[in-house]
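Right, one structure below, let's go through it.
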Amino acid sequence: MITALLTRRPIESLLAGVLAGLLLLEPWSTPANFSSILLDVMMDETVAWVIVVCGLMGSLIVLLRKVGATNAFSRVLAARAKDGKSALLYTWSLGLLIFIDDYLNALAVGSAMRKVTDKFGVSREKLAYVVDSTAAPICLLMPISTWAVFFAGVLEASDVAAAGEGLSVYISAIPYMLYPWIAALMVPLVAIGRMPDLGMMKRAEAAAAKMAAEPRVSAEQSDEIEISTTSSRVSIYHFLVPIIALLGFSAWFDLDVQIGVILAVAVTVVLYGVQRLMAWAEMFDAVLDGIKIMVPALTIVVVAFMFKEVNDQLGLAPFVIENVTPYMTPVLLPVVVFTTMALISFATGSSWGVFVIAIPIVLPLAANVGVSEPLAIGALLSASAFGSHACFYSDATVLSAQGSGCGVMEHALTQIPYALIAAAIAGAGLTMIAAL
């Protein structure tokens, strides 16, 4: 964490954490253990899934941008948006609609909206905050999402829910998932100025306002994608069809985003090829270019999984949970669970893995001290949402920054005050509910 704050470089910071953990485990075997963990992570099914989905999402984004479909979509929204406030509200609304998966949300919404927010002098950092706040938080609140499917399975595997009843138990806890509710509902307040710009966000907004009338030139845009010469024939239809295909195929195949993005890329290539918006060879080059632009983000995700693996070997999660357990009471349990697991999720960058460990420990404890099951689950999954939203190197943070076109640490540091405010309100709310 110290390295991340000092350098603002997530890959180096995560590597520092991995090496520190390995030195604590077996100092003389650090090189061999580093190599072994790297291979294990690269062979992990979840990591492979992330690489495939994010790589092909990059391909879809490049196709949309290169043919000019993103510009067409942005022009329509820019014509409707009157100022930066309405542009951010449109971003929030779009984020609410793309609820199937947080990766899909983070990449698609940021990429679609950044030209609109640029036009009105909204900082890329504020756009990334809005995008991130409708990624994991909204996916948790929607029972038709990859998050709901995953945690419903965990509830069944942990014998918290009977076979086939995991989703109904999950749904019963949605009203108590206070952090995602608050994080998502804070966005309109920030967008319209009812909640002021805080900390580094204030500086980012001031810098963006000065640049509003100037062309943006940055490392992220130095290799800006050349738009096809046929862009005058491109309309919003050419943006919506690939996105609808992505959502529709993902939903049709039991919320399998991997199949959804593969078929969406195929549909996009056929659509653009048949209408001769791009040459076939150019489209396949665009697919490869899209995978290339995701390499920095995917590198962070891989190293973050290595960091999580080292923390698992150190036994961080069980250690914290076991030491907190003796202090549990019916009133304190929800807020203690939320605070403890939020800190673990924030520190490890794991929004799913550590909760597979915590759920079988925390829920029986909640039953023993008289805390309702939905409230305990709501506290746990609120912590999961906080970790995804606030952690400086979580996959959602990285991909929200990538899609919105700003640096990872710039996004993390500008949004952290809002995440902490939402966490404080959620903690107070869980305590009040438990006391009733």
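Residue -16 is where the sequence shown starts when you use the numbering used here, and the numbers rise one by one after that.
Positions of the beta carbon are idealized from the N, C-alpha and C atoms, including for glycine.
- First through last residue of the alpha helix (DSSP H) which encompasses residue 159: Taken as a continuous stretch (DSSP letters only), residue 159 belongs to no alpha helix (DSSP H), as it is neither H nor E.
- Query: Where does residue 399 sit, in a helix, a strand or coil, going by DSSP?
  - Reply: helix
- Item | Three-state secondary structure (DSSP) of residue 65 | coil
- Task: Within 10 angstroms of the Cβ of residue 156, are there 16 or more other Cβ atoms? Answer buried if so, exposed if not.
- Result: buried
- Query: Between residue 324 and residue 373, is the Cβ-Cβ spacing less than 8 angstroms?
  - Reply: no
- Message: DSSP three-state label for residue 94, please.
- Response: helix
- Message: Let's see if you can read the secondary structure: which residues bound the alpha helix (DSSP H) around residue 365?
- Response: 356 to 373
- Item | residue 420: first and last residue of the uninterrupted alpha helix (DSSP H) it sits in | Nothing about residue 420 can be reported from this structure: the residues present for the chain run from -16 to 419 only.
- Task: Can you check the stretch -6 to 46 for any alpha helix (DSSP H) of at least 4 residues that lies completely inside it and give the ranges in chain order?
- Result: 13 to 26
- Message: Taking the straight line between their C-alpha atoms, what separation do you get for residue 289 and residue 388?
- Response: 25 angstroms
- Message: So for residue 347, helix, strand or coil by DSSP?
- Response: helix
- Query: Grouping DSSP H, G and I as helix and E and B as strand, with all else coil, what is residue 122?
  - Reply: helix
- Message: Is the beta carbon of residue 109 closer than 8 angstroms to that of residue 77?
- Response: no
- Inter-residue spacing [alpha-carbon to alpha-carbon] between residue 221 and residue 42: 15 angstroms
- Just how far apart, CA to CA, sit residue 161 and residue 409? 5 angstroms
- Option in 150, 121 and 117 with minimal Cα separation from residue 133: 150
- Message: So, with DSSP's three-state summary, where would you put residue 73?
- Response: helix
- Compare the Cα-Cα distances from residue -1 to each of 291, 240 and 169 and report the closest residue. 291
- Roughly how many angstroms separate the alpha carbons of residue 204 and residue 97, rounded to a whole number? Unreliable placement is indicated for residue 204, whose pLDDT of 46 sits below 50; the coordinate value is still reported in the next sentence. C-alpha separation (whole angstroms): 12 angstroms.
- Message: Just to confirm, is the Cβ distance from residue 275 to residue 176 under 8 angstroms?
- Response: no
- Query: Got a sec? Which residues, its chain only, sit under 8 angstroms from residue 361 by beta carbon, not counting five neighbours each side?
  - Reply: 156, 157, 158, 159, 160, 161, 317 and 413
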